[in-house]
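Residue numbers (the working numbering): 112 to 230.
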């Protein structure tokens, strides 16, 4: 699941940078968005299915917030990451909602193949 969330986040970043005619995003920005998306989706998934996850507890607070692009700079990414930032507001909603919001399975597959991720 983590690999899919990271692939979706990479699609968001690339699409939004392209839409706003920015240069390609740096690796640090892409990675921060990928980690934030995977962390937030993982927390919601664990809460929704009432499972405990040691890894989720360890990543409750990450420094990625400092490197995420601002909502003013990339509003779509800011909005989508904010959807999953408040665990109490999102735990009862379908996890796949944001996956369908901006990325198709072909987009996810393309990023996974390009990055060599098998997860």
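Beta carbons: idealized from backbone N, C-alpha and C, even for Gly.
Inset, instruction - Can you have a look at residue 151 and say buried or exposed, based on whether 16 or more other CB atoms are within 10 angstroms of its CB? - result: The residue given as residue 151 occupies position 40 in the chain shown. By the neighbour-count rule (16 or more Cβ atoms within 10 Å), residue 151 is buried.
Legend entry - Secondary structure of residue 137, DSSP reduced to three states: Counting from 1 along the chain shown, the entry for residue 137 is found at position 26. Of the three classes helix, strand and coil, the one that applies to residue 137 here is coil, per DSSP.
Inset, instruction - Mind reading off the beta-carbon distance from residue 140 to residue 124? Whole number of angstroms is fine, and I expect it under 8 Å. - result: Taking the first residue of the chain shown as position 1, residue 140 is located at position 29. Taking the first residue of the chain shown as position 1, residue 124 is located at position 13. Contact check for residue 140 and residue 124: beta-carbon distance about 7 Å, within the 8 Å limit, so the pair qualifies.
Legend entry - As assigned by DSSP and simplified to three states, the class of residue 185: Numbered from 1 along the chain shown, position 74 holds the residue referred to as residue 185. In the structure shown, residue 185 sits in coil (DSSP, three-state: anything other than H, G, I, E or B).
Legend entry - Opening and closing residue of the alpha helix (DSSP H) in which residue 195 lies: Mapped onto the chain shown, residue 195 falls at position 84. No alpha helix (DSSP H) contains residue 195, which DSSP labels as neither H nor E.
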